[in-house]
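Q:
Numbering (UniProt numbering), first residue to last: 1 to 180.
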């Protein structure tokens, strides 16, 4: 049965994107990473937020733009949106609600991971008690502003259990399980 995993790279001060969703900061922190390479082989499907799908891309302006993990992964993608494009996108299914998107992504993933891309989708999965794990790559940079890893006005406590901790020249990688 598929597990739902939120993976992202985060600045040390807790931002996964800069102001306005800018992902250009991430480019210098991409590089060989055995943790990422290992988990990409276990991804069965992606569940992607509309904003992430439509342009928050650290590979903007390069041949890798628009490709999951810069072309390092291919497979079925399910994009949450109320405004699907007029033209079909090969390998991509547009869904209007979280439950439908999760069900379709889990079916497509089989025994692999449904990898969530996008802070809002991850928060929705967490609120629906559907998020199983997080893989957070902490980059050695402070952004000061932007899109937070997890932002809950008024606060909420989510218990996590560390499953793994690795270091690379580009990041410190935390693999965590959501404690239910």
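Idealized CB from N, CA, C, for every residue including glycine.
Taking all protein chains shown into account, decide if residue 82 is buried (16 or more other Cβ within 10 angstroms of its Cβ) or exposed.
A: exposed
Q: Buried or exposed, going by whether 16 or more other CB atoms sit within 10 Å of the CB of residue 95?
A: Burial call: buried.
Q: Could you check which residue in 157, 14, 92 and 151 has the C-alpha nearest to that of residue 137?
A: 14
Q: Roughly how many angstroms separate the alpha carbons of residue 28 and residue 36, rounded to a whole number?
A: 16 Å
Q: Report yes if the C-beta distance between residue 76 and residue 44 is below 9 Å; otherwise report no.
A: yes
Q: Note down the Cα distance separating residue 130 from residue 49, rounded to an integer number of angstroms.
A: 16 Å
Q: Assuming contact is defined by CB atoms lying nearer than 9 Å, are residue 101 and residue 78 in contact in what I supplied?
A: Yes, these two residues count as a Cβ contact at 9 Å.
Q: Hey, quick one: how far does the beta strand (DSSP E) through residue 39 stretch, first residue to last?
A: Segment 34-40 is the alpha helix (DSSP H) holding residue 39; no beta strand (DSSP E) there.
Q: Taking Cβ to Cβ, would you say residue 52 is nearer than 9 Å to residue 141?
A: no
Q: What residues in its chain sit with their C-beta under 6 Å from that of residue 134, if we drop five residues either side in the sequence?
A: 6 and 176.
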